[in-house]
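For the sequence shown, my numbering assigns the number 1382 to the initial residue and increments by one for each residue that follows. All residues carry an ideal CB built from backbone N, CA and C; glycine is no exception. Small disclaimer: the values here were computed from a predicted structure and weren't measured. Reviewing the structure listed below.
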Amino acid sequence: MKFNIALLAGDGIGPEVIDQAVKVSDAIAAKFGHEITWKPALTGAAAIDAVGEPYPDETHDVCVAADAVLFGAIGHPRFDNDPSAKVRPEQGLLKMRKKLGLFANVRPTFTFPSLLDKSPLKQERIEGTDLVFLRELTGGIYFGEKGRRDGGETAFDNCVYTREEVQRLAKKGFELAMTRSKKLCCVDKANVLETSRLWRETVQAMEKDYPEVEVAYEFVDAVAMRLVQWPNSYDVLITENLFGDILTDEASVISGSMGLMPSASMGTDAALFEPIHGSYPQATGLNIANPMATVLSAAMMFETAFNLPEEGKVIRDAVNAALAKGIVTEDLADGGKSYGTTEVGDWLAANI
Ligand code: IPM
Ligand code: MG
């Protein structure tokens, strides 16, 4: 098959980890007889520097024309501590999500048998964890009206959801649950928030269409606690934008390293794949960043966007083999022998 893939490397370690995912994808293409055309485009601080805009129109056009988008990371410290900065890299990310209509952010959390001791959580608690968050990505407090009043002394961010926004996300949740263990948890704060009551009411009304799925409704504060106590008790979780942002960072601790967790953002016509970690500016150019999360994001791309599960599995097997053999970057090396970002990528590609 032939694929056009938009390549948005972004900032910090983004370009370094993206290079490894390209190597691995090219190895897959060679093995299975596919043809990939990479379409690099600017985003984040790199795009602000070049054209004054974190998600330029040209980049959007490249994404729209592509079969999938592979994304590195964005963010640069020079914007973080400057509340007066007019344009920020993160605005590019939000604009991209909105313009591409990427309403469902799929964030799996799973453990690797060879890395169980890397998690700060007790091994017997996390063993066998295999859960997926479906985070709503284009609504809620991130996109509601925001501003200042009272001469700047009062600030507000509105949280708004429509029934239709909840339905389309929940539909993906039910469908995913049907392919897994048929358990769905709706995470909300319906004891306090009106938007959460809309979420709960909407999901409840959809239950009859999926009679086999067992649905639980839990408050976000309780989930935050149970997630690290009994991660094994969850399978598919659906939630709104901000709750999902927070809980998925928390969930990444279970796997033992942020450098391992991939994600997909799905819309009606677009699909984007990215590691859940950020741009890790301190490590830029040092060839120490862990490329596994980006490589596994490429695996998700083959599986989800191109419907090629075998290709995805070969990538996952290569990653597991590297982890088992200790072909890892320093974050996973426990002070022992470690490999550079590029060496890990080379090993994976050669192994494939
Ligand atoms: C994420 C990130 C982004 C978010 C930031 C960088 C805007 O934390 O993808 O989880 O909050 O969605
Ligand atoms: Mg986040």
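| Asked | Found |
| --- | --- |
| Please go through the same chain and pick out, in chain order, the residues whose beta-carbon is closer than 8 angstroms to the beta-carbon of residue 1558, but skip the five residues on each side of it. | 1564, 1565, 1591, 1594, 1616 and 1617 |
| Would you check if the distance between the CB atom of residue 1368 and the CB atom of residue 1710 is smaller than 9 angstroms? | The structure shown does not extend to residue 1368, since the chain is modelled only from 1382 through 1733, so no value can be given for it. |
| Measuring CB to CB, does residue 1670 end up less than 9 angstroms from residue 1394? | yes |
| Which residues bound the beta strand (DSSP E) around residue 1385? | 1383-1391 |
| When you measure from the CB of residue 1522 to every non-hydrogen atom of ligand 2, does any distance come out below 8 angstroms? | no |
| At what residues does the alpha helix (DSSP H) containing residue 1675 begin and finish? | 1673-1681 |
| Please report the straight-line C-alpha distance between residue 1573 and residue 1437, rounded to a whole angstrom. | 39 angstroms |
| What are the boundary residues of the beta strand (DSSP E) that includes residue 1611? | Run containing residue 1611: none; DSSP gives neither H nor E here. |
| What runs of the alpha helix (DSSP H), each 4 residues or longer, lie entirely inside the segment 1385-1466? | 1395-1413, 1426-1432, 1438-1446 and 1458-1461 |
| For residue 1520, which three-state DSSP category applies? | coil |
| Expressed to the nearest angstrom, what Euclidean distance is found between the alpha-carbon atoms of residue 1536 and residue 1677? | 39 angstroms |
| Rounded to whole angstroms, what's the CA-CA distance from residue 1479 to residue 1500? Just pull it up for me. | 34 angstroms |
| Could you please go through the chain and list the residues whose beta-carbon is closer than 6 angstroms to any non-hydrogen atom of ligand 2? | 1626 and 1630 |
| Of the choices 1706, 1687, 1712 and 1679, whose alpha-carbon is the least far from that of residue 1408? | 1679 |
| Check the C-beta distance from residue 1682 over to residue 1483 and give it rounded, since I have them as a contact under 8 angstroms. | About 14 angstroms; that fails the 8 angstroms criterion. |
| Leaving out five residues before and five after residue 1447 in sequence, what residues of the same chain have Cβ atoms less than 7 angstroms from its Cβ? | 1385, 1386, 1387 and 1420 |
| Is the Cβ-Cβ distance between residue 1392 and residue 1453 less than 9 angstroms? | yes |
| Alpha carbon to alpha carbon, how far is residue 1481 from residue 1610? | 36 angstroms |
| Less than 9 angstroms between the beta carbons of residue 1651 and residue 1685, yes or no? | no |
| Between the Cα of residue 1718 and the Cα atoms of 1634, 1727 and 1706, which residue gives the shortest distance? | 1706 |
| Could you tell me if residue 1401 is buried or exposed, where buried requires 16 or more neighbouring beta carbons within 10 angstroms of its beta carbon? | buried |
| Can you name the start and end residues of the beta strand (DSSP E) that residue 1715 belongs to? | Unbroken run through residue 1715: none, as it is neither H nor E. |
| Hey, quick one: how far does the alpha helix (DSSP H) through residue 1576 stretch, first residue to last? | 1575-1587 |
| Taking the straight line between their C-alpha atoms, what separation do you get for residue 1556 and residue 1510? | 20 angstroms |
| Report yes if the C-beta of residue 1393 is less than 8 angstroms from at least one heavy atom of ligand 1; otherwise report no. | no |
| Residue 1414: beta carbon under 8 angstroms from a heavy atom of ligand 1? | no |
| Using DSSP with H/G/I as helix, E/B as strand and the rest coil, what is residue 1617? | strand |
| Report the partner residues of residue 1529 according to the DSSP bridge assignment. | 1536 |
| Using the Cβ count rule (16 or more neighbours within 10 Å means buried), how would you classify residue 1729? | buried |
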